[in-house]
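Residue numbers (this note's numbering): 1 to 365.
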Ligand code: FES
Ligand SMILES: [Fe+2]
């Protein structure tokens, strides 16, 4: 672990929304926060890797990252789901470079093979190595949990269960069930801003009239509501326009942000998840996974593509403004700002969780 960045006690103090300042610009722009965010936040967070619908059969595996570590989740011959670092114990090669299915996991570097329970089985041309016992070189496990069909891993094996973080969401969105959704497609975006800039932006509807004027016609901006809970915040608004691609007028659009970097965008028959992965201190990668109730028919696929195209347009508007904001935060002009009490309570909530995580890393409480 590198030196901690310089953080004052005053900066860690959590003030009520009405009186609070935003977090200092250095927290978005100083390269030292890259390691500090990993240490204080991501090493203890649940990371969504995908959906259970892609792990239905023995041998199915999907890959992803957790706090920057390559990981994989695999369904064993015994039907049990397990999660491991996607890192070979020989010299660090990958077991999988894409999602797949197999009877064993074979390293892509020199071909060591592991059973689906992680135990090392085959080590070609390795008989002359002394004091070597395969039992000592199994894959290293990471914590695994499933919530409503979404599969999560955590490199902190003592983390509280994932359901603690999502408490209340399944009841609130019922009768919509996320576990029944089918995975359709992933779209990947590279964004030139710190991951917290992207999350801040997601958490408020204040920018809608300026950044996404068309979205304002679709949603009822006057009835836009934001609520905050322990580990997540919730924005919703009734769908206004008749028969648009998002659903029928009067139905609800639900936007959940779950600490620290995961979003659930739920419409009557679709789920879109966003995962925000830091990529250095001033860049992030955002993964959009699209799920629908139905993906087989030609009509369903056309509808999905129209949905994805529309989301892409909104996302490009968000990316453009976030990249400008990163430049603004890096400028001489800016250190801290203030919050709209009406619209930015979820940004304040997120920034308070950041402060709590930093405080815990620095002081142990
Ligand atoms: S690194 Fe995996 S077999 Fe060599
Ligand atoms: Fe936006």
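Where a beta carbon is used, it is the ideal one built from N, C-alpha and C, also for glycine. Quick caveat: nothing in here was measured; it's all calculated off a predicted structure.
Span of the beta strand (DSSP E) holding residue i?
i: residue 147; result: 143-147
i: residue 297; result: From DSSP, residue 297 is part of no beta strand (DSSP E); its letter is neither H nor E.
i: residue 236; result: 232-238
i: residue 186; result: 182-191
i: residue 253; result: 252-258
i: residue 197; result: Per DSSP, residue 197 belongs to no beta strand (DSSP E); it is in the alpha helix (DSSP H), 195-202.
Residue i: beta carbon under 6 Å from a heavy atom of ligand 2?
i: residue 318; result: yes
Quick one: is the Cβ of residue i within less than 6 Å of any heavy atom of ligand 1?
i: residue 85; result: no
i: residue 110; result: yes
i: residue 121; result: no
i: residue 100; result: no
i: residue 91; result: yes
i: residue 369; result: Given that the chain is displayed from residue 1 to residue 365, the structure contains no residue 369 and the question cannot be resolved.
i: residue 88; result: yes
Using the Cα positions of residue i and residue j, report the straight-line distance between them to the nearest angstrom.
i: residue 67; j: residue 279; result: 11 Å
i: residue 168; j: residue 55; result: 26 Å
i: residue 111; j: residue 175; result: 47 Å
i: residue 84; j: residue 303; result: 36 Å
i: residue 40; j: residue 354; result: 9 Å
i: residue 356; j: residue 14; result: 8 Å
i: residue 340; j: residue 348; result: 9 Å
i: residue 221; j: residue 36; result: 37 Å
i: residue 135; j: residue 119; result: 7 Å
i: residue 299; j: residue 308; result: 14 Å
i: residue 114; j: residue 328; result: 49 Å
i: residue 154; j: residue 144; result: 7 Å
i: residue 262; j: residue 166; result: 11 Å
Taking only beta-carbon atoms, is residue i less than 7 Å away from chain B?
i: residue 22; result: Looking at the structure shown, chain B is missing, and only one protein chain is on hand.
What are the boundary residues of the alpha helix (DSSP H) that includes residue i?
i: residue 26; result: 26-29
i: residue 38; result: 32-40
i: residue 350; result: 345-363
i: residue 285; result: That residue, residue 285, is in no alpha helix (DSSP H); its beta strand (DSSP E) goes 284-292.
i: residue 341; result: Segment: none, residue 341 is in no alpha helix (DSSP H) and carries neither H nor E.
i: residue 165; result: 162-165
i: residue 214; result: 213-218
i: residue 172; result: 169-173
Give a single yes or no on whether residue i has its beta carbon closer than 6 Å to a heavy atom of ligand 3.
i: residue 183; result: You won't find ligand 3 in this model; what it holds is ligand 1 and ligand 2.
Three or more beta-carbon pairs under 8 Å between the region 254-264 and the region 11-25, yes or no? no
Can you find at least 3 beta carbon pairs, one from the region 293-302 and one from the region 174-187, that sit closer than 8 Å? yes
Pick out the complete beta strand (DSSP E) segments inside the region 65-103, 3 residues or longer, and give them in chain order. 69-75 and 81-85
At least 3 beta-carbon pairs within less than 8 Å: the region 195-213 vs the region 342-350: yes
Report yes or no: do the region 145-160 and the region 40-53 share at least 3 C-beta pairs separated by less than 8 Å? yes
Does the structure place the region 157-164 close enough to the region 266-278 that three or more beta carbon pairs sit under 8 Å? no
So, do the region 217-237 and the region 312-326 have three or more beta carbon pairs nearer to each other than 8 Å? no
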